[in-house]
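Asks: Dropping a structure here in structure tokens format, bear with me for questions.
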């Protein structure tokens with residue numbers, strides 16, 4: 068029997084909880100500890116089992132009376148509410164690996180506190196623009212992971228949607244330059260009603276009600292592609308438009324490519340990549356006229372909408388790619404953890 072790697076999760080928000088759901092089903096991983104500063108074990112257990120977007124989890128989650136743990140189908144997961152990495156005895160709790168999902172400790176210098184406290188591997192749910200840190204997009208550059216990397220990231224949800232499409236188009240048609248727009252659901256950085264935005268981005272538009280507005284805002288996904296494909300540095304950029312939906316996002320990709328092509332060829336390349344090779348199970352290809360709710364709970368990173376593919380004058384290519392920006396990304400967090408655990 069393969070050795071099971073024991074995993075702790077720091078930060079039990081949207082991605083922390085859904086990553087636990089995904090990892091729980093993997094025999095190679097055992098979730099043993101959760102740290103979350105808000106709400107205590109009772110809230111953690113409740114939010115893990117019941118989710119307004121992804122539905123009720125098919126496991127029973129119950130908090131202990133003393134708040135020191137919760138159970139999943141009777142199995143104990145210890146719980147703490149420390150505000151710093153150092154305040155949690157990760158090693159003593161048995162954690163070989165930590166999924167860093169707080170969104171607070173955003174540099175390798177800060178994340179190294181886990182390693183200093185006995186954790187062997189850390190997987191971060193956000194990208195880092197640091198030469199020493201690999202931003203891993205499963206199916207695209209996970210082959211660059213090595214055993215001597217204590218810290219890596221799963222990049223971002225939109226980068227995970229965009230990178231598989233970029234890989235296929237760039238390797239076959241050579242991308243000269245491009246622009247993307249991600250039509251993206253609301254997130255916790257927005258507000259229900261107009262109010263002062265106190266988030267880390269200090270974005271005035273994110274301070275407007277997420278329920279009734281289309282709100283243009285930034286996305287680092289296009290420029291982050293250069294972390295995966297260095298030769299595309301400075302050639303891709305883009306924006307996001309936040310929309311009043313809870314899930315099911317869409318990335319609009321427009322590329323100028325190096326040789327003449329057709330929509331049929333582009334779709335053929337994307338279909339082939341979805342059916343075999345490293346992108347199988349990561350990239351999807353859909354010919355039916357589906358809409359955003361059809362992609363909720365889809366575990367794939369990116370699903371091409373074949374009916375929307377266009378080519379103008381031979382070299383301008385447009386591709387629509389759908390993604391569940393929560394479950395798809397959380398599935399990759401778990402996949403990446405398993406990938407590291409089994410090396």
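Numbering (the numbering used here), first residue to last: 68 to 410. Using N, Cα and C, we set each Cβ at its ideal position, and we do this for glycine too. All of these numbers come straight from a predicted model, not from anything done at the bench.
1. Within its chain, find whatever has a CB closer than 8 Å to the CB of residue 291; leave out the 5 residues flanking it on each side and keep chain order.
2. Taking contact to mean at least 3 C-beta pairs separated by less than 8 Å, is the segment 358–375 in contact with the segment 331–342?
3. On the DSSP letters alone, give me the boundaries of the alpha helix (DSSP H) that residue 283 sits inside.
4. Could you tell me the boundaries of the beta strand (DSSP E) in which residue 164 lies?
5. Shortest alpha-carbon distance to residue 328 belongs to which of 388, 380 and 173?
6. Taking C-alpha atoms, which residue in 163, 106, 241 and 159 lies nearest to residue 190?
7. Between which two residues does the beta strand (DSSP E) carrying residue 319 extend?
8. If we call anything under 9 Å between Cβ atoms a contact, is residue 170 one with residue 192?
9. Buried or exposed for residue 257, going by 16 or more other Cβ atoms inside 10 Å?
10. At 3 residues or longer, what runs of the beta strand (DSSP E) sit wholly inside the segment 78–113?
11. Could you give the first and the last residue of the continuous alpha helix (DSSP H) run that contains residue 152?
12. Helix, strand or coil for residue 192 per DSSP?
13. Pull up the DSSP beta-bridge partners for residue 251, would you.
14. Leaving aside the five residues before and after residue 388 along the sequence, list all residues of the same chain whose C-beta is less than 6 Å from its C-beta, in chain order.
15. State the DSSP-derived secondary structure class of residue 394, mapped to helix, strand or coil.
16. Is the Cβ-Cβ distance between residue 127 and residue 144 less than 9 Å?
17. Starting from the Cα of residue 168, find the closest Cα among 80, 151 and 198 and give me that residue.
18. I believe residue 115 touches residue 397 by the beta-carbon criterion, under 8 Å. Please report the beta-carbon distance rounded to the nearest angstrom.
19. State the beta-bridge partners of residue 246 as determined by DSSP.
20. Measuring only the C-alpha atoms, how far is residue 252 from residue 365?
21. Entirely within the segment 216–240 and at least 4 residues each: give me those alpha helix (DSSP H) ranges in chain order.
Replies: Straight from the coordinates:
1. Translated into the one-based positions of the chain shown, residue 291 becomes position 224. Closer than 8 Å at the Cβ level, and outside the excluded window around residue 291, lie 194, 196, 202, 222, 223 and 226.
2. yes
3. As a first step, residue 283 is located in the chain shown; it is residue number 216 there, counting from the start. That residue, residue 283, is in no alpha helix (DSSP H); its beta strand (DSSP E) goes 282–285.
4. Sequence index remark: in the chain shown, residue 164 carries index 97 (1-based). Counted as a single uninterrupted DSSP element, the beta strand (DSSP E) harbouring residue 164 occupies residues 164–167.
5. Your numbering for residue 328 matches position 261 in the chain shown. Here the closest residue by C-alpha is 380.
6. The residue you call residue 190 lines up with position 123 of the chain shown. When each option's Cα is compared against that of residue 190, the closest is 163.
7. For the purposes of this step, residue 319 is taken as the residue at position 252 of the chain shown. 316–324 is the span of the beta strand (DSSP E), which, as asked, contains residue 319.
8. The sequence position of residue 170 within the chain shown is 103, counting from 1. The sequence position of residue 192 within the chain shown is 125, counting from 1. Closer than 9 Å, so yes.
9. As a working mapping, residue 257 is identified with position 190 in the chain shown. Label assigned to residue 257: buried.
10. 96–102
11. Looking up residue 152 in the chain shown gives position 85. Neither: residue 152 is in no alpha helix (DSSP H) and is coded neither H nor E.
12. Reading the chain shown from its first residue, position 125 is the one you call residue 192. If DSSP states are grouped into helix, strand and coil, residue 192 belongs with coil.
13. Counted from its first residue, the chain shown places residue 251 at position 184. Per DSSP, 309.
14. The count along the chain shown starts at 1 and reaches residue 388 at position 321. Only 228, 232, 318, 369 and 371 meet the Cβ criterion.
15. Translated into the one-based positions of the chain shown, residue 394 becomes position 327. Residue 394: helix per DSSP, three-state reduction.
16. Here residue 127 refers to the residue found at position 60 of the chain shown. Here residue 144 refers to the residue found at position 77 of the chain shown. No, the Cβ-Cβ distance between residue 127 and residue 144 is not below 9 Å.
17. Mapped onto the chain shown, residue 168 falls at position 101. Nearest option by C-alpha distance: 80.
18. Counting from 1 along the chain shown, the entry for residue 115 is found at position 48. Counting from 1 along the chain shown, the entry for residue 397 is found at position 330. Actually they do not touch by this definition, with Cβ atoms about 12 Å apart.
19. Within the chain shown, the letter at position 179 stands for residue 246. Secondary-structure assignment with DSSP links residue 246 through a beta bridge to 304 and 321.
20. Stepping through the chain shown from its first residue, residue 252 is reached at position 185. Stepping through the chain shown from its first residue, residue 365 is reached at position 298. When rounded, the distance between both Cα atoms is 15 Å.
21. 224–240
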